[in-house]
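Protein chains in written order, with this note's numbering: chain B, 106 to 743; chain H, 106 to 743.
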């Protein structure tokens, strides 16, 4: 059977035929690739057939059309189904589906990524598509103010991820009636039954308790699906997200595998695939499109909790670009808040998120200045980064902040953000032992290593207010994952306004023709390096001091010059010894082919406790005294 | 007023007096330290006063008494309250409370850590104490089979963390009636109201939907608290965890700050503290202990889902220590499963967890052999690591496995595990681009950097079955956070049974007197290094090959010898360039003072897509050809 047509009014009979095609194509592409998840695709084929033909408003010729709905496969392993949908709407060819799936150099990857223009975010790490969808829906409802819907297909296994519940919590808090989660409850995970099996009522109760409207349906009853999707789509004026709990059968449509726990993530061998395709009525070549979105202008601004908060409790911050004096004490976290406000005043695409610590990170200044562009994520760091990913997919320049230590909570989301090709701007405050009394749970000592290891990341770590402002501005123009590490305490300004701080650069604060040693720091340790240089004067040792504010990329030229000029380098960092600033310096020097230098790395090698910042810097051996000692030893021994 | 006594039958009047003392002491210690969270302590003081005097069964003289209940402050910032409790039961002195809190070198840290013998796990990163408590409760119910209860005090802000819901989901799935979560709903987070405020009914509905029994009370009504705690304690024979939803007032007891959003995390200045203490009736010196646990023997084994699963579907694995032949192809993940079973047969303390991928990680072999010691955590990696932390606190040797990529989901829990002084044994399979078709979402390319940066961690990465078995055995005896990275594909055995693989060692597989270059690999890249050495023979280049199976600690001796003997080193790793094997090698050589060597590091510097493992190893430039090329360039240029 071959039918081709573009229609806004596809009957359920045709949708049924399309569902069979989606199953057949899911089987064909995974069998051709020798890997993939046909059975997890088949359980959701009816849901997708009805959605795509009758409810998803999408101009397939213009994937970047602002009023398009969004379709996110949170269960990214059902990529055969998604790609079969793309074939069914005519944007992926039969040839590509058959020979491009999961192949080297092709775009139909094992799990969807935004290499494909119809994919908003990369999925495949479960429990992330729905949180990402919250970000897209926030944009649709409050920023773009367009009537599009965000349809997210979730697996039931991934409902065990707490991030799903963070997402529903925020979706209801922000009244995201434009968000529809479709739960494909096929009962079976990778290695057997899920913990709730087919207990769809429990899923519904959980969704309702988290503030969603829940609709329980038979996920293979096209009429019931149609009604539920229509109800979900109609809810745009309501104040609740919708969760459609669809009871389905894994492998539905092929009797040999239906509801079997033994066929997760396995393509059918060719003979089995032939039998399955025969049972499903053979290969089809339907090309069918559903409704296109109506043109729409942005609607009126809607109130949300940040806009409703009594902003006048605290004075409005200045919208001017902040200027700090040399010697003036300012915390870099405060400079972040000041800079973000100024950036937001210039660029309406700047948006801020925070994990309920905005009065510590100083994101609260942005909240007061631009409440409509601030979304409180409460203590849900995974959702915070996911929302940033969704907002980035909609073109917003989102800055997401929390204590640097708690960004570790979201590492999987940061990693997936890189795969999503998202521009994520992350800001971590209260780095290192410098924070003092709160103790190790609040001290970021792994964050530099964590973010450096992410593909294409940028890691910035300013030591004063002026450089912070410049680096926040640089982040706004930096693609990929960028990270700003800020410090709790206030330290004297080092740079005059107007100084340039390119990403990948550094500043040499002390230098002379006969420098005997180079001291490299960033953030708090730069101030210790400067003090150490002063101490060394008494020993007759002249030290070069470099502010390595750009940890990745790092200033190879300045480092190699230092190695060549002084032959001795001390690096001090408020971070564990592995993967941070010291590693970045060592990596760069070795990669540049430098050999004739000696390097002493000072870092936090023990497990800290509470104390004052000064006590702990001394205990860790990264204060001025220890840096000076290391320099003395290096200079004495050669 | 001064009353001293140890009693099993403390009246509520005395508990009321104790509550006032706990508030006063929380104020005193935080004011003395100049930091801390008095108001968050005061909201929960009534709950703790009744709990500690009448329901917590604890022998304070013997904190390691197996039948003791457990008290976990998931809201770790309420440490002033916890330490005031410790003073009230007479295990912390007035002097220590007054001068030891949050001070350098003292044990009353800003957030509780197990430096204190009455603390099971470190908290302070919110949303972790309850998941940790699930691990303790699993031990109590199924492994130790003792009638102790696990009482966890949670804040309301932390209920926004998805990990809390992962914990309740698993607590109900495993029928942990010995677990009681006490929610201190004081309405106020750090920067203002929580998203649900005082809507205690919503919290109750959420808890019930997640399978718990919920009891809503006024958290300042001692009689209501007493009834709820009694009901919770009585539930031991039931099949549900209990969640007590206590509506409380932040700063309760001091009218100047009650229910104020402006007093989060701030100690009162001395004059205010004086007024607060006066309002609370002055300083008290009650020393009161509640009931001691009855002696108890382990009860009968209880069925749980793993023991109820139809284990006979698959054959029982061999309990023998596995032996693989040199040249025999085996996947290191399979060897992990084999080794774990043999370890479990020898040591009844060995327990396994997995994140619903046990048929990929091969933890399923352990499930089949010892279902009573296996706990399926489904797709909830945070809860998996937290459960391992709780089980470690009870003395079990827990191995927790999932795809290495998804351990990133639990990074904050791993970091906190180190602060908890927990011995966590983590196993990540499917590392790197070698996995092929599934694409980047499933490829661990940051895991070595992530775990290396954790304090006191051990990172192991075997290349064959024999070394995997030895390293799994070594992990059983390794303190702290240890990590085993395994590979998807099968590779030929390199070592005969009986070979020794000490942590911190390496194996030199090829070497001679006139080696011109050293090739260093681990896991899949070691096999590529061996092939590269073969290729180089045709060029007349003799290569040393080192299996760097212990990435941290690393074999400094073998590396420095290689640098000195060959002067040229190529390191290849299936990981991003930052913080992994190459960094470990570079760090070690520089730290050892080596200077006269040249190092080429090959790693995955691009963003991979799908493909075959071989295609992707070649694309990344970490296959035998690229390693050989790097060696040729190094040897040609000197």
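We treat Cβ as the ideally placed atom computed from N, Cα and C, and that holds for glycine.
Quick caveat, the model's predicted, so the values are computed rather than measured.
{"Asked": "Burial state of residue 216/B (16 or more Cβ within 10 Å)", "Found": "buried"}
{"Asked": "Sequence-distant residues of its chain with Cβ nearer than 7 Å to residue 447/H (five each side left out)", "Found": "424, 425, 426 and 427"}
{"Asked": "Three-state secondary structure assigned by DSSP to residue 634/B", "Found": "helix"}
{"Asked": "Test item: CB-CB of residue 505/H and residue 526/H under 9 Å", "Found": "no"}
{"Asked": "Residue from 645/B, 150/B and 213/B whose Cα sits closest to the Cα of residue 138/B", "Found": "213/B"}
{"Asked": "Contacts around residue 667/H, its chain only, beta-carbon distance under 7 Å, and the 5 residues preceding and following it disregarded", "Found": "623, 649, 651 and 674"}
{"Asked": "Chain B residues whose Cβ lies nearer than 7 Å to that of residue 303/H", "Found": "In chain order: nothing, as chain B lies at least about 15 Å away."}
{"Asked": "Of the listed residues 646/H, 127/H, 313/H and 309/H, nearest to residue 671/H (C-alpha basis)", "Found": "646/H"}
{"Asked": "Per-residue DSSP class, three states only, for residue 651/H", "Found": "strand"}
{"Asked": "Nearest-angstrom Cα separation, counted from residue 572/B out to residue 657/B", "Found": "16 Å"}
{"Asked": "Buried versus exposed, by CB contacts within 10 Å (16 or more), residue 669/H", "Found": "exposed"}
{"Asked": "Continuous alpha helix (DSSP H) stretch holding residue 481/H: start and end", "Found": "Run containing residue 481/H: none in the alpha helix (DSSP H); it sits in the beta strand (DSSP E), 479-481."}
{"Asked": "Start-to-end residues for the alpha helix (DSSP H) that takes in residue 492/H", "Found": "486-498"}
{"Asked": "Nearest-angstrom beta carbon gap, residue 568/H and residue 632/H [assumed within contact, 8 Å]", "Found": "6 Å"}
{"Asked": "The alpha helix (DSSP H) enclosing residue 299/B, as first and last residue numbers", "Found": "Neither: residue 299/B is in no alpha helix (DSSP H) and is coded neither H nor E."}
{"Asked": "Secondary structure of residue 533/B, DSSP reduced to three states", "Found": "strand"}
{"Asked": "Neighbourhood of residue 644/B by C-beta distance below 7 Å, restricted to the same chain and skipping five residues each side", "Found": "737"}
{"Asked": "Separation of residue 144/H from residue 500/B, as counted between CA atoms", "Found": "41 Å"}
{"Asked": "Cβ neighbours of residue 108/H in the same chain (closer than 7 Å, five flanking residues each side left out)", "Found": "Because the pLDDT at residue 108/H is just 38, under 50, the model does not fix this residue reliably, and the value given afterwards should be weighed accordingly. Excluding sequence neighbours, residue 108/H sits near 391."}
{"Asked": "Through-space distance from residue 289/B to residue 202/B, alpha-carbon basis", "Found": "23 Å"}
{"Asked": "Segments of 4+ residues assigned as alpha helix (DSSP H) that fall wholly inside the region 220-268 of chain H", "Found": "234-243"}
{"Asked": "Where the alpha helix (DSSP H) containing residue 375/H begins and where it ends", "Found": "375-384"}
{"Asked": "Residue 441/H to residue 586/H span [Cα, whole Å]", "Found": "17 Å"}
{"Asked": "Between the CA atoms of residue 591/B and residue 727/B - distance to the nearest angstrom", "Found": "17 Å"}
{"Asked": "Sequence-distant residues of the same chain with beta carbon closer than 8 Å to residue 433/B, five excluded per side", "Found": "570, 597 and 598"}
{"Asked": "Residue of 730/H, 714/H and 191/H minimising C-alpha distance to residue 206/B", "Found": "714/H"}
{"Asked": "Member of 277/H, 686/H and 451/H whose CA lies at the smallest distance from the CA of residue 558/H", "Found": "686/H"}
{"Asked": "is_contact[residue 731/H, chain B] using C-beta, thresh 9 Å", "Found": "no"}
{"Asked": "Test item: CB-CB of residue 148/H and residue 291/H under 9 Å", "Found": "yes"}
{"Asked": "Residues in the region 555-582 of chain B having any Cβ partner in chain H nearer than 8 Å", "Found": "555, 557, 558, 559, 560 and 561"}
{"Asked": "Residue-level contact to chain H via CB, residue 381/B, 9 Å cutoff", "Found": "no"}
{"Asked": "Residue 341/B beta carbon less than 9 Å from that of residue 159/B", "Found": "no"}
{"Asked": "Interfacial residues, the region 447-464 of chain H to chain B, with Cβ spacing under 7 Å", "Found": "461, 462, 463 and 464"}
{"Asked": "The region 447-458 of chain B contacting the region 373-383 of chain B, beta-carbon criterion three pairs below 8 Å", "Found": "no"}
{"Asked": "Within chain C, the residues that residue 271/H reaches when beta carbons sit closer than 8 Å", "Found": "Here chain C cannot be found, since the structure's protein chains are B and H."}
{"Asked": "In DSSP terms, what residue 506/B is bridged to", "Found": "459/B and 532/B"}
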